[in-house]
Amino acid sequence: MGEEKTTIAFDGGESAAQEKRRKQKQQKKKGAVVVVMGATGAGKSRLAIDLASVFPGVEVVNADSMQVYHGLDVVTNKPPPSDRNGVPHHLLGMIDASMEFTSRDFRNLAIPIIDDILSRNGLPVIVGGTNYYIQALVSPFLVDDVLEDLHECSVADLSDLKDFDVSGGYERLKEIDPVAANRIHPNDQRKINRYLSLHASSGALPSNLYRGKAAEKWGRVSNFRYNCFFIWLDASLPVLDRYVDQRVDCMIDSGLLNEVRAIYNPSAVYTRGLFQAIGIREFNDFFQSYFANKDADLRHKLAVSDVLNSNDDKLKNLLNEAIGKLKANTRKLVRRQRRRLHRLKKDFGWDLNYIDATKAFFCEAGDIWHTKIVGDCVDLLRTFLCENASSLACSEELGDVQSQVLVSKDLWTQYICEACGNRILRGAHEWEQHKRGKGHRKRISGLKKTKSLSSYMVEQMPRFTNAELPANT
(Lines of atoms letter the chains of each structure in order from A and count residues from 1; the text may use other names and numbers.)
(Lines give C-alpha, C1' and ligand atoms only; values in the text may rest on other atoms or scores of the structure.)
Protein backbone atom coordinates (compact mmCIF):
# COMPACT_ATOMS: atom_id res chain seq x y z
CA MET A 1 0.00 0.00 0.00
CA GLY A 2 1.20 3.46 -0.82
CA GLU A 3 1.75 6.04 1.80
CA GLU A 4 -1.35 8.13 2.50
CA LYS A 5 -0.80 11.80 1.76
CA THR A 6 -2.59 14.81 3.10
CA THR A 7 -2.96 17.87 0.89
CA ILE A 8 -3.43 21.28 2.48
CA ALA A 9 -4.98 23.92 0.23
CA PHE A 10 -4.32 27.60 0.81
CA ASP A 11 -7.27 29.68 -0.34
CA GLY A 12 -5.93 33.07 0.60
CA GLY A 13 -8.28 33.30 3.58
CA GLU A 14 -7.43 34.49 7.05
CA SER A 15 -4.73 32.75 9.02
CA ALA A 16 -5.42 30.78 12.19
CA ALA A 17 -4.08 33.66 14.28
CA GLN A 18 -6.29 36.16 12.46
CA GLU A 19 -9.31 33.93 12.92
CA LYS A 20 -8.56 33.62 16.64
CA ARG A 21 -8.30 37.40 17.04
CA ARG A 22 -11.53 37.89 15.08
CA LYS A 23 -13.39 35.43 17.29
CA GLN A 24 -12.01 37.08 20.41
CA LYS A 25 -13.30 40.45 19.23
CA GLN A 26 -16.69 38.95 18.41
CA GLN A 27 -16.85 37.35 21.85
CA LYS A 28 -16.12 40.63 23.63
CA LYS A 29 -18.97 42.33 21.78
CA LYS A 30 -21.42 40.05 23.55
CA GLY A 31 -22.94 41.02 26.88
CA ALA A 32 -20.62 40.57 29.86
CA VAL A 33 -21.88 37.97 32.31
CA VAL A 34 -20.26 36.72 35.52
CA VAL A 35 -20.59 33.03 36.41
CA VAL A 36 -19.75 31.90 39.96
CA MET A 37 -19.22 28.13 40.10
CA GLY A 38 -17.94 25.73 42.69
CA ALA A 39 -18.78 22.80 44.92
CA THR A 40 -21.53 22.79 47.51
CA GLY A 41 -20.49 24.78 50.56
CA ALA A 42 -17.73 26.77 48.86
CA GLY A 43 -19.49 30.12 49.41
CA LYS A 44 -20.81 30.93 45.93
CA SER A 45 -23.95 32.79 47.03
CA ARG A 46 -22.05 34.80 49.59
CA LEU A 47 -19.44 35.82 47.03
CA ALA A 48 -22.09 36.94 44.52
CA ILE A 49 -23.76 39.16 47.12
CA ASP A 50 -20.41 40.61 48.17
CA LEU A 51 -19.58 41.43 44.54
CA ALA A 52 -22.82 43.41 44.39
CA SER A 53 -21.48 45.71 47.10
CA VAL A 54 -18.60 46.66 44.80
CA PHE A 55 -20.05 46.57 41.29
CA PRO A 56 -23.33 48.45 40.80
CA GLY A 57 -26.15 46.84 38.87
CA VAL A 58 -25.45 43.26 39.97
CA GLU A 59 -28.43 40.90 39.82
CA VAL A 60 -28.08 37.24 40.77
CA VAL A 61 -29.49 34.48 38.55
CA ASN A 62 -29.76 31.16 40.39
CA ALA A 63 -28.42 28.12 38.52
CA ASP A 64 -28.92 25.50 41.21
CA SER A 65 -31.23 22.72 40.03
CA MET A 66 -32.87 22.30 43.45
CA GLN A 67 -33.03 25.92 44.58
CA VAL A 68 -35.28 26.74 41.63
CA TYR A 69 -38.06 24.83 43.40
CA HIS A 70 -40.48 26.41 45.85
CA GLY A 71 -40.21 25.17 49.43
CA LEU A 72 -37.63 23.24 51.42
CA ASP A 73 -35.53 26.35 51.92
CA VAL A 74 -33.37 24.66 54.56
CA VAL A 75 -32.89 21.40 52.63
CA THR A 76 -31.86 23.23 49.45
CA ASN A 77 -29.89 25.86 51.40
CA LYS A 78 -31.45 28.87 49.70
CA PRO A 79 -29.91 32.18 50.80
CA PRO A 80 -32.50 33.77 53.12
CA PRO A 81 -33.76 37.27 52.22
CA SER A 82 -31.90 38.71 55.20
CA ASP A 83 -28.58 37.57 53.68
CA ARG A 84 -29.25 38.94 50.20
CA ASN A 85 -28.61 42.58 51.18
CA GLY A 86 -31.28 43.80 48.80
CA VAL A 87 -29.56 42.26 45.76
CA PRO A 88 -32.20 41.06 43.24
CA HIS A 89 -32.32 37.26 42.90
CA HIS A 90 -33.95 35.46 39.97
CA LEU A 91 -35.11 31.84 39.50
CA LEU A 92 -35.04 31.18 43.22
CA GLY A 93 -37.92 29.16 44.68
CA MET A 94 -40.33 29.71 41.79
CA ILE A 95 -41.02 26.20 40.41
CA ASP A 96 -43.66 23.90 41.93
CA ALA A 97 -42.05 21.00 43.80
CA SER A 98 -43.94 18.38 41.79
CA MET A 99 -42.86 19.69 38.39
CA GLU A 100 -40.09 18.37 36.21
CA PHE A 101 -37.61 21.15 35.42
CA THR A 102 -35.00 20.35 32.80
CA SER A 103 -31.92 22.15 31.58
CA ARG A 104 -33.92 23.28 28.59
CA ASP A 105 -36.57 24.79 30.89
CA PHE A 106 -33.86 26.58 32.84
CA ARG A 107 -32.25 27.95 29.69
CA ASN A 108 -35.57 29.20 28.31
CA LEU A 109 -36.37 31.06 31.54
CA ALA A 110 -32.88 32.36 32.26
CA ILE A 111 -32.00 33.86 28.86
CA PRO A 112 -34.81 36.49 28.86
CA ILE A 113 -33.91 37.42 32.44
CA ILE A 114 -30.22 37.87 31.62
CA ASP A 115 -30.97 39.78 28.43
CA ASP A 116 -33.27 42.09 30.38
CA ILE A 117 -30.55 42.76 32.97
CA LEU A 118 -28.08 43.56 30.19
CA SER A 119 -30.59 45.85 28.48
CA ARG A 120 -30.80 47.85 31.72
CA ASN A 121 -26.99 48.11 31.82
CA GLY A 122 -26.81 45.71 34.72
CA LEU A 123 -24.34 42.96 35.47
CA PRO A 124 -25.84 39.44 35.61
CA VAL A 125 -24.11 37.11 38.06
CA ILE A 126 -25.06 33.46 37.51
CA VAL A 127 -24.59 31.36 40.64
CA GLY A 128 -24.88 27.61 40.98
CA GLY A 129 -23.31 24.19 41.14
CA THR A 130 -25.41 22.57 38.41
CA ASN A 131 -22.86 22.66 35.63
CA TYR A 132 -25.16 21.36 32.91
CA TYR A 133 -27.56 24.21 33.62
CA ILE A 134 -24.74 26.66 33.07
CA GLN A 135 -23.53 24.87 29.95
CA ALA A 136 -27.05 24.91 28.53
CA LEU A 137 -27.29 28.62 29.26
CA VAL A 138 -24.02 29.91 27.87
CA SER A 139 -23.80 27.61 24.83
CA PRO A 140 -26.51 27.40 22.13
CA PHE A 141 -26.40 23.62 21.67
CA LEU A 142 -28.35 21.52 24.16
CA VAL A 143 -28.19 17.75 24.51
CA ASP A 144 -31.25 15.62 25.12
CA ASP A 145 -33.02 16.77 28.28
CA VAL A 146 -33.54 13.30 29.67
CA LEU A 147 -29.86 12.47 29.51
CA GLU A 148 -28.87 15.82 30.95
CA ASP A 149 -31.15 15.46 33.91
CA LEU A 150 -29.85 11.99 34.62
CA HIS A 151 -26.25 13.13 34.32
CA GLU A 152 -26.46 16.25 36.45
CA CYS A 153 -29.73 16.83 38.26
CA SER A 154 -30.25 13.43 39.84
CA VAL A 155 -28.36 12.99 43.09
CA ALA A 156 -28.07 9.25 42.48
CA ASP A 157 -24.81 7.89 41.15
CA LEU A 158 -25.36 5.96 37.92
CA SER A 159 -23.53 3.06 39.54
CA ASP A 160 -26.34 2.81 42.09
CA LEU A 161 -29.06 2.10 39.49
CA LYS A 162 -31.04 -1.03 40.26
CA ASP A 163 -31.17 -3.95 37.85
CA PHE A 164 -28.22 -2.52 35.96
CA ASP A 165 -25.94 -5.10 34.36
CA VAL A 166 -22.79 -4.19 32.47
CA SER A 167 -21.75 -7.74 31.60
CA GLY A 168 -21.08 -8.08 27.92
CA GLY A 169 -19.93 -4.47 27.87
CA TYR A 170 -18.97 -3.34 24.41
CA GLU A 171 -20.81 -6.11 22.52
CA ARG A 172 -24.02 -5.21 24.35
CA LEU A 173 -23.56 -1.53 23.50
CA LYS A 174 -23.07 -2.44 19.81
CA GLU A 175 -26.42 -4.20 19.84
CA ILE A 176 -28.22 -1.33 21.60
CA ASP A 177 -26.59 1.61 19.86
CA PRO A 178 -23.97 0.82 17.19
CA VAL A 179 -23.50 4.54 16.47
CA ALA A 180 -22.41 5.21 20.06
CA ALA A 181 -20.28 2.05 20.08
CA ASN A 182 -18.36 3.26 17.04
CA ARG A 183 -17.44 6.49 18.82
CA ILE A 184 -15.51 4.87 21.66
CA HIS A 185 -12.69 2.37 22.07
CA PRO A 186 -13.76 -1.20 22.94
CA ASN A 187 -11.53 -1.07 26.03
CA ASP A 188 -12.90 2.23 27.35
CA GLN A 189 -14.93 0.55 30.09
CA ARG A 190 -15.81 3.80 31.84
CA LYS A 191 -17.62 5.23 28.80
CA ILE A 192 -19.16 1.87 27.96
CA ASN A 193 -20.63 1.59 31.44
CA ARG A 194 -21.86 5.17 31.33
CA TYR A 195 -23.64 4.70 27.99
CA LEU A 196 -25.21 1.44 29.12
CA SER A 197 -26.39 2.97 32.39
CA LEU A 198 -27.93 5.93 30.58
CA HIS A 199 -29.82 3.60 28.28
CA ALA A 200 -30.90 1.34 31.17
CA SER A 201 -32.33 4.24 33.14
CA SER A 202 -33.95 6.25 30.34
CA GLY A 203 -34.40 4.02 27.32
CA ALA A 204 -32.81 6.75 25.20
CA LEU A 205 -29.98 6.03 22.80
CA PRO A 206 -26.64 7.47 23.95
CA SER A 207 -25.95 8.55 20.36
CA ASN A 208 -28.66 11.19 20.84
CA LEU A 209 -25.98 13.10 22.67
CA TYR A 210 -24.36 13.83 19.34
CA ARG A 211 -25.95 16.08 16.79
CA GLY A 212 -23.35 16.78 14.16
CA LYS A 213 -21.28 19.94 14.18
CA ALA A 214 -23.53 21.64 16.72
CA ALA A 215 -22.73 18.95 19.27
CA GLU A 216 -19.02 19.33 18.65
CA LYS A 217 -19.24 23.01 19.58
CA TRP A 218 -21.51 22.51 22.58
CA GLY A 219 -20.00 24.04 25.68
CA ARG A 220 -16.96 25.34 23.81
CA VAL A 221 -15.69 28.84 24.49
CA SER A 222 -15.94 29.85 20.82
CA ASN A 223 -19.65 29.09 20.87
CA PHE A 224 -20.65 30.99 24.02
CA ARG A 225 -23.86 33.00 23.98
CA TYR A 226 -22.36 35.64 26.29
CA ASN A 227 -18.94 37.05 27.10
CA CYS A 228 -18.49 35.06 30.29
CA PHE A 229 -16.21 35.68 33.24
CA PHE A 230 -15.99 32.46 35.27
CA ILE A 231 -15.06 32.28 38.93
CA TRP A 232 -14.33 28.83 40.33
CA LEU A 233 -14.60 29.16 44.10
CA ASP A 234 -13.01 26.19 45.81
CA ALA A 235 -11.30 24.93 48.96
CA SER A 236 -9.32 21.84 49.92
CA LEU A 237 -11.36 18.65 50.22
CA PRO A 238 -10.66 18.12 53.95
CA VAL A 239 -11.88 21.65 54.65
CA LEU A 240 -14.97 21.25 52.46
CA ASP A 241 -15.76 17.90 54.08
CA ARG A 242 -15.51 19.36 57.55
CA TYR A 243 -17.63 22.35 56.57
CA VAL A 244 -20.26 20.10 54.95
CA ASP A 245 -20.59 18.08 58.16
CA GLN A 246 -20.99 21.24 60.22
CA ARG A 247 -23.50 22.68 57.77
CA VAL A 248 -25.65 19.54 57.91
CA ASP A 249 -25.72 19.81 61.71
CA CYS A 250 -26.80 23.45 61.37
CA MET A 251 -29.50 22.45 58.88
CA ILE A 252 -30.87 19.90 61.36
CA ASP A 253 -30.98 22.62 64.02
CA SER A 254 -32.67 25.01 61.56
CA GLY A 255 -35.64 22.73 60.87
CA LEU A 256 -34.60 20.36 58.09
CA LEU A 257 -36.47 17.44 59.69
CA ASN A 258 -39.72 19.39 59.86
CA GLU A 259 -39.41 20.32 56.18
CA VAL A 260 -38.88 16.72 55.13
CA ARG A 261 -41.68 15.49 57.39
CA ALA A 262 -44.10 17.95 55.77
CA ILE A 263 -43.58 16.44 52.29
CA TYR A 264 -42.91 12.83 53.28
CA ASN A 265 -44.62 10.37 50.97
CA PRO A 266 -43.88 6.62 51.29
CA SER A 267 -44.51 6.17 47.56
CA ALA A 268 -42.42 9.16 46.46
CA VAL A 269 -40.29 8.85 43.32
CA TYR A 270 -36.88 10.19 44.26
CA THR A 271 -35.82 10.97 40.71
CA ARG A 272 -38.50 13.56 39.98
CA GLY A 273 -38.91 17.21 40.90
CA LEU A 274 -37.76 18.44 44.28
CA PHE A 275 -37.66 14.88 45.64
CA GLN A 276 -34.28 14.55 43.89
CA ALA A 277 -32.70 16.92 46.40
CA ILE A 278 -30.07 15.57 48.73
CA GLY A 279 -31.61 15.65 52.19
CA ILE A 280 -34.94 13.96 51.42
CA ARG A 281 -34.59 10.32 50.50
CA GLU A 282 -31.85 9.80 53.09
CA PHE A 283 -34.60 10.07 55.73
CA ASN A 284 -37.00 7.61 54.08
CA ASP A 285 -36.35 4.69 56.48
CA PHE A 286 -36.51 6.98 59.48
CA PHE A 287 -39.88 8.47 58.57
CA GLN A 288 -41.29 5.07 57.63
CA SER A 289 -40.62 3.95 61.18
CA TYR A 290 -41.66 7.29 62.66
CA PHE A 291 -45.09 7.22 61.01
CA ALA A 292 -45.55 3.47 61.51
CA ASN A 293 -45.66 3.91 65.29
CA LYS A 294 -48.96 2.42 66.41
CA ASP A 295 -49.16 4.75 69.38
CA ALA A 296 -50.48 7.82 67.54
CA ASP A 297 -50.60 9.90 70.68
CA LEU A 298 -46.95 9.18 71.42
CA ARG A 299 -45.99 10.01 67.87
CA HIS A 300 -47.74 13.36 67.98
CA LYS A 301 -46.27 14.17 71.38
CA LEU A 302 -42.76 13.33 70.18
CA ALA A 303 -41.76 16.09 67.80
CA VAL A 304 -39.47 14.91 65.06
CA SER A 305 -36.83 17.37 66.22
CA ASP A 306 -36.86 15.77 69.70
CA VAL A 307 -36.13 12.23 68.53
CA LEU A 308 -32.39 12.52 69.17
CA ASN A 309 -33.09 13.32 72.81
CA SER A 310 -35.79 10.67 73.28
CA ASN A 311 -35.65 7.17 74.78
CA ASP A 312 -36.68 5.55 71.51
CA ASP A 313 -33.39 3.91 70.58
CA LYS A 314 -34.69 2.55 67.27
CA LEU A 315 -35.77 5.96 66.01
CA LYS A 316 -32.59 7.56 67.32
CA ASN A 317 -30.42 5.05 65.48
CA LEU A 318 -32.41 5.45 62.26
CA LEU A 319 -32.15 9.23 62.50
CA ASN A 320 -28.41 9.15 63.16
CA GLU A 321 -27.96 6.82 60.18
CA ALA A 322 -29.98 9.20 57.99
CA ILE A 323 -27.90 12.19 59.07
CA GLY A 324 -24.75 10.19 58.34
CA LYS A 325 -26.06 9.35 54.86
CA LEU A 326 -26.85 13.00 54.22
CA LYS A 327 -23.31 14.03 55.13
CA ALA A 328 -21.78 11.23 53.04
CA ASN A 329 -23.93 11.97 49.98
CA THR A 330 -23.14 15.67 50.21
CA ARG A 331 -19.42 14.90 50.32
CA LYS A 332 -19.86 12.71 47.22
CA LEU A 333 -21.68 15.57 45.50
CA VAL A 334 -18.76 17.89 46.28
CA ARG A 335 -16.39 15.49 44.54
CA ARG A 336 -18.62 15.11 41.47
CA GLN A 337 -18.96 18.87 41.15
CA ARG A 338 -15.20 19.37 41.37
CA ARG A 339 -14.55 16.66 38.76
CA ARG A 340 -16.98 18.30 36.36
CA LEU A 341 -15.32 21.67 36.81
CA HIS A 342 -11.95 20.13 36.05
CA ARG A 343 -13.48 18.66 32.90
CA LEU A 344 -14.91 22.02 31.80
CA LYS A 345 -11.46 23.53 32.15
CA LYS A 346 -9.47 20.69 30.62
CA ASP A 347 -11.77 19.26 27.93
CA PHE A 348 -13.91 22.28 27.02
CA GLY A 349 -11.28 24.98 27.45
CA TRP A 350 -13.28 27.16 29.84
CA ASP A 351 -11.19 29.93 31.37
CA LEU A 352 -12.07 29.32 35.02
CA ASN A 353 -10.52 31.85 37.38
CA TYR A 354 -9.61 29.61 40.30
CA ILE A 355 -10.03 31.11 43.76
CA ASP A 356 -8.83 29.02 46.70
CA ALA A 357 -10.90 29.96 49.74
CA THR A 358 -9.38 27.35 52.06
CA LYS A 359 -7.89 29.90 54.44
CA ALA A 360 -11.24 31.67 54.78
CA PHE A 361 -12.80 28.59 56.41
CA PHE A 362 -12.42 28.22 60.18
CA CYS A 363 -10.02 31.16 60.25
CA GLU A 364 -9.67 33.00 63.52
CA ALA A 365 -7.09 35.58 62.43
CA GLY A 366 -8.69 38.49 60.60
CA ASP A 367 -11.32 38.64 57.90
CA ILE A 368 -9.53 36.81 55.10
CA TRP A 369 -12.79 36.34 53.21
CA HIS A 370 -13.21 40.05 52.44
CA THR A 371 -9.58 41.09 52.23
CA LYS A 372 -8.35 38.16 50.16
CA ILE A 373 -11.15 36.14 48.55
CA VAL A 374 -13.52 38.96 47.62
CA GLY A 375 -10.62 41.30 46.92
CA ASP A 376 -8.98 38.92 44.44
CA CYS A 377 -12.29 38.35 42.65
CA VAL A 378 -12.91 42.09 42.42
CA ASP A 379 -9.48 42.69 40.89
CA LEU A 380 -9.95 39.94 38.30
CA LEU A 381 -13.47 41.03 37.43
CA ARG A 382 -12.40 44.66 37.16
CA THR A 383 -9.74 43.72 34.60
CA PHE A 384 -12.26 41.65 32.65
CA LEU A 385 -14.76 44.51 32.51
CA CYS A 386 -12.00 46.90 31.45
CA GLU A 387 -11.01 44.64 28.56
CA ASN A 388 -14.66 44.19 27.61
CA ALA A 389 -15.26 47.93 27.72
CA SER A 390 -12.16 48.57 25.59
CA SER A 391 -13.41 46.23 22.90
CA LEU A 392 -16.78 47.96 22.80
CA ALA A 393 -15.53 51.57 22.80
CA CYS A 394 -13.46 53.07 25.56
CA SER A 395 -13.95 56.51 24.07
CA GLU A 396 -17.69 56.42 24.82
CA GLU A 397 -19.06 57.76 28.06
CA LEU A 398 -18.63 55.06 30.71
CA GLY A 399 -22.17 55.19 32.01
CA ASP A 400 -23.09 51.54 32.49
CA VAL A 401 -21.75 48.45 34.20
CA GLN A 402 -20.43 46.93 30.99
CA SER A 403 -17.96 49.80 30.51
CA GLN A 404 -17.51 51.50 33.84
CA VAL A 405 -14.36 49.87 35.07
CA LEU A 406 -13.12 53.28 36.15
CA VAL A 407 -16.17 53.61 38.35
CA SER A 408 -15.86 50.13 39.83
CA LYS A 409 -12.16 50.77 40.48
CA ASP A 410 -13.16 54.00 42.18
CA LEU A 411 -15.27 51.99 44.59
CA TRP A 412 -12.04 50.75 46.13
CA THR A 413 -10.41 54.18 46.19
CA GLN A 414 -9.82 55.99 49.46
CA TYR A 415 -11.36 59.44 50.00
CA ILE A 416 -10.31 61.81 52.79
CA CYS A 417 -12.48 64.64 54.05
CA GLU A 418 -10.39 67.21 55.92
CA ALA A 419 -13.49 69.24 56.66
CA CYS A 420 -14.75 66.38 58.83
CA GLY A 421 -11.52 65.76 60.72
CA ASN A 422 -9.68 63.75 58.06
CA ARG A 423 -12.44 61.17 57.95
CA ILE A 424 -11.55 58.31 55.59
CA LEU A 425 -14.19 56.92 53.25
CA ARG A 426 -13.92 53.80 51.07
CA GLY A 427 -15.15 54.26 47.52
CA ALA A 428 -17.31 56.70 45.61
CA HIS A 429 -20.53 55.36 47.11
CA GLU A 430 -19.49 56.14 50.69
CA TRP A 431 -18.05 59.47 49.58
CA GLU A 432 -21.27 60.57 47.87
CA GLN A 433 -23.34 59.53 50.87
CA HIS A 434 -21.00 61.43 53.18
CA LYS A 435 -21.21 64.60 51.07
CA ARG A 436 -25.00 64.51 51.29
CA GLY A 437 -24.94 64.15 55.06
CA LYS A 438 -26.27 66.99 57.20
CA GLY A 439 -23.12 67.27 59.34
CA HIS A 440 -20.78 67.48 56.36
CA ARG A 441 -22.87 70.08 54.58
CA LYS A 442 -23.05 72.20 57.73
CA ARG A 443 -19.28 72.16 58.19
CA ILE A 444 -18.69 72.94 54.51
CA SER A 445 -21.07 75.88 54.72
CA GLY A 446 -19.09 77.31 57.63
CA LEU A 447 -15.74 76.75 55.97
CA LYS A 448 -16.83 78.47 52.77
CA LYS A 449 -17.06 81.71 54.69
CA THR A 450 -13.38 81.65 55.60
CA LYS A 451 -11.43 79.51 53.14
CA SER A 452 -11.78 77.87 49.75
CA LEU A 453 -13.52 74.53 49.77
CA SER A 454 -10.75 72.77 47.87
CA SER A 455 -8.24 73.25 50.66
CA TYR A 456 -10.42 71.28 53.04
CA MET A 457 -11.15 68.25 50.90
CA VAL A 458 -8.63 65.92 49.38
CA GLU A 459 -10.10 63.46 46.90
CA GLN A 460 -7.74 60.73 45.79
CA MET A 461 -9.20 60.17 42.35
CA PRO A 462 -8.59 56.79 40.66
CA ARG A 463 -6.09 56.73 37.82
CA PHE A 464 -4.78 53.95 35.62
CA THR A 465 -1.02 53.62 35.64
CA ASN A 466 0.83 51.70 32.97
CA ALA A 467 1.26 48.82 35.40
CA GLU A 468 -2.48 48.67 36.05
CA LEU A 469 -3.57 48.62 32.44
CA PRO A 470 -4.32 45.10 31.14
CA ALA A 471 -1.78 43.73 28.71
CA ASN A 472 -2.74 43.56 25.07
CA THR A 473 -3.62 40.08 23.89
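Every letter in the sequence shown is one number past the one before it in full-length UniProt numbering, and letter 150, counting from 1, is 150.
Quick reminder that beta carbons are idealized off the backbone N, C-alpha and C, glycines included.
- Around the beta carbon of K442, fewer than 16 other beta carbons sit within 10 angstroms, so the residue counts as exposed.
- Residue nearest to L92 within the set N85, E100, A110 and S98 is A110 (criterion: CA-CA distance).
- L47: member of the alpha helix (DSSP H) spanning K44 to A52, first to last residue.
- Per DSSP, reduced to three states, the secondary structure at W232 is strand.
- The closest CA to that of M94, considering only Y69, V74 and L118, is found on Y69.
- D356 carries a strand assignment under DSSP once its states are collapsed to helix, strand and coil.
- The three-state secondary structure of P56, taken from DSSP, is coil.
- In this chain, the beta strand (DSSP E) harbouring I126 covers L123 to V127.
- Secondary structure of N227 (DSSP, three-state): strand.
- Two segments are said to touch when three or more pairs of C-beta atoms, one from each, lie closer than 8 Å; by this definition the segment 79-87 does not touch the segment 272-281.
- Pairing L233 with I49 gives a Cβ-Cβ distance that is not under 9 Å.
- Per DSSP, V244 is one residue of the alpha helix (DSSP H) stretching across L237 to D253.
- The beta carbon of A268 lies closer than 7 Å to those of F275 in the same chain, with the five residues before and after it left out.
- Classified as exposed, F291 has fewer than 16 neighbouring CB atoms from the shown chains inside 10 Å of its CB.
- Between I134 and M37, the gap from beta carbon to beta carbon is short of 9 Å.
- The DSSP-derived three-state label of I184 is coil.
- When the five nearest sequence neighbours on each side are left out, the beta carbons in the same chain lying within less than 7 Å of the beta carbon of G57 are those of N121, G122, L123 and V401, in order along the chain.
- S45 and I416 have their C-alpha atoms some 33 Å from each other.
- Taken atom to atom, the span from the alpha-carbon of R281 to that of I323 is near 11 Å.
- For the pair G169 and E387, the Cα-to-Cα distance works out to about 50 Å.
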